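Novice: Heads up, our numbering is the position in the sequence shown plus 585, with the first residue counted as 1. A virtual CB, placed ideally from N, CA and C, is assigned to each residue, including glycine. The model shown is predicted, which means the values in this text are computed figures rather than measured ones. First, the structure itself, so that you have it in front of you.
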Amino acid sequence: MGKLAFLFPGQGSQYVGMGGELASSYREALDVFKKADEKLGHSLSTLCFSGPEERLILTTNTQPAVLTTSIAALAVVRHHGLPEPDFVAGHSLGEYTALVAAGVIPFEEAVTLVRQRGYFMEEAVVSGEGTMAAVLGLPEDVVLNICNQARPYGVVEPANYNCPGQVVIAGETTAVRKAGEIAMNEGAKRVVQLSVSGPFHSSLMGGAAGKLADELATIEFKDPSIPVISNVNAQAVSMGQEARSMLVAQVDHPVQWHESVEMLLANDVDTFLEIGPGRVLGGLVKKIDKKATVLNVGDLCSLEKTIAYFKEVKQ
586 MGKLAFLFPG QGSQYVGMGG ELASSYREAL DVFKKADEKL GHSLSTLCFS GPEERLILTT
646 NTQPAVLTTS IAALAVVRHH GLPEPDFVAG HSLGEYTALV AAGVIPFEEA VTLVRQRGYF
706 MEEAVVSGEG TMAAVLGLPE DVVLNICNQA RPYGVVEPAN YNCPGQVVIA GETTAVRKAG
766 EIAMNEGAKR VVQLSVSGPF HSSLMGGAAG KLADELATIE FKDPSIPVIS NVNAQAVSMG
826 QEARSMLVAQ VDHPVQWHES VEMLLANDVD TFLEIGPGRV LGGLVKKIDK KATVLNVGDL
886 CSLEKTIAYF KEVKQ
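Below you can see the structure in the form of structure tokens.
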């Protein structure tokens, strides 16, 4: 086995029931949910375990919910003494989880911080005036060119470079729809409109970045104990101050996920453990490198499989 990376998911991985099995079986996981409930002043745990979904999908709830579920799963991973990673990385919101895992910011600070991040991102653009869409089956440079062609209709930009043939675009609703039409004419397999409340990771989020910078300035950032891969430049962050500035830049810059995974592969990572709800990131890794070993811990079944894998590797 080569090197190991922990991956932490972002928005879109949430589902009603997430974290429930782990919290009912492990005190370590339950304690994380209790801390979140206390810090937020309401029962985030009930929202995660029982819904309702229409409240869970509000970004101001989704962000702390996914972070908390992921940190609860991480607590269980560490309880079982599974190997510590050589690198950590998270997709968008997941970068905050990665920073908690690397000891840069405490969980109690992070859970309130990402709720504020959700508020700032929602406030940045009037509801309905911005959106996102996934463009499937076209190279990254072609999608960038399509965005440029659609610029007369408004702001539209690449927002997530996820893997070969999957680029998410974001911007003003009319321009995003026009870019989608052009993409289909250029041979895209599909264009999928995303159910989001704004054009995240685009230049339209500039107002949110400024407010977030003020919020982050009040929090102490320690140097990471494990290298954290930044979404903005796909490079390892080694200092707390740098981690803070990257979180500000991340809000209105595209997520370089494809490049981040390539960077990990180039640094001899061959095993990726996705920790938290869903299996989105593991799926993206497999599209980037079919030979990579992809594991996940999000519930009891996936936990058992992952424990068994590491036991077998040790033998």
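What is the DSSP secondary structure of D616, reduced to helix, strand or coil?
Specialist: Walking along the sequence shown from the start, residue 616 turns up at place 31. Helix, per DSSP.
Novice: Quick one: grab the DSSP three-state call for G675.
Specialist: Here residue 675 refers to the residue found at position 90 of the sequence shown. Reduced to three states, the DSSP call for G675 is strand.
Novice: Output the distance between the C-alpha atoms of A753 and V711, rounded to the nearest integer angstrom.
Specialist: Looking up residue 753 in the sequence shown gives position 168. Looking up residue 711 in the sequence shown gives position 126. For the sequence presented, residue 753 should be read as Val rather than Ala. Rounded to the nearest angstrom, the two C-alpha atoms are 20 Å apart.
Novice: Between which two residues does the beta strand (DSSP E) containing L880 stretch?
Specialist: Position 295 of the sequence shown, counting from 1, holds the residue named residue 880. Residues T878 to V882.
Novice: Tell me whether M717 sits in a helix, a strand or coil according to DSSP, three-state version.
Specialist: Translated into the one-based positions of the sequence shown, residue 717 becomes position 132. Strand.
Novice: Near Y704, which residues of its chain fall below 8 Å by C-beta distance, leaving aside the five closest residues on each side in sequence?
Specialist: For the purposes of this step, residue 704 is taken as residue 119 along the sequence shown, with counting starting at 1. T645, listed in sequence order.
Novice: Who are the near neighbours of S823 in its chain, counting only those whose CB is closer than 8 Å to its CB and skipping five residues on each side?
Specialist: Taking the first residue of the sequence shown as 1, we reach residue 823 at position 238. Taken in chain order, the residues that qualify are D808, P809 and P812.
Novice: Thinking G587 and V854 are a contact (beta carbons under 8 Å), I'd like their distance in whole angstroms, please.
Specialist: Here residue 587 is taken as the residue at index 2 of the sequence shown, counted from 1. Here residue 854 is taken as the residue at index 269 of the sequence shown, counted from 1. G587 to V854, Cβ: 6 Å. Contact.
Novice: Suppose you measure from the CA of E742 to the CA of G765; what does that come to, to the nearest Å?
Specialist: Counting from one through the sequence shown, the residue named residue 742 turns up at place 157. Counting from one through the sequence shown, the residue named residue 765 turns up at place 180. In a straight line, the C-alpha of E742 is about 12 Å away from that of G765.
Novice: Within 8 Å, do at least three Cβ pairs link the segment 776 to 787 to the segment 871 to 886?
Specialist: Verdict: no, contact absent.
Novice: Give me, in chain order, the residues of the same chain whose beta-carbon lies closer than 7 Å to that of Q648; leave out the 5 immediate sequence neighbours on both sides.
Specialist: In the sequence shown, counting from the first residue as 1, residue 648 sits at position 63. Hits under 7 Å: Q596, L678, V699, R700, R702 and G703.
Novice: Measure the beta-carbon distance from Y746 to V840 and round it to whole angstroms, keeping in mind my assumption that it falls under 8 Å.
Specialist: Locating residue 746 in the sequence shown gives position 161, where the first residue counts as 1. Locating residue 840 in the sequence shown gives position 255, where the first residue counts as 1. That pair is a contact at about 7 Å.
Novice: Whose CA, out of L849, Y894, I892 and A658, lies closest to the CA of K874?
Specialist: Residue mapping note: residue 874 aligns to position 289 of the sequence shown, counting from 1. Per the sequence presented here, residue 874 reads as Asp, with Lys not at that position. For D874, the nearest C-alpha among the options comes from L849.
Novice: Looking at the secondary structure, which residues open and close the alpha helix (DSSP H) in which I656 lies?
Specialist: Taking the first residue of the sequence shown as 1, we reach residue 656 at position 71. Unbroken alpha helix (DSSP H) run through I656: T644 to H664.
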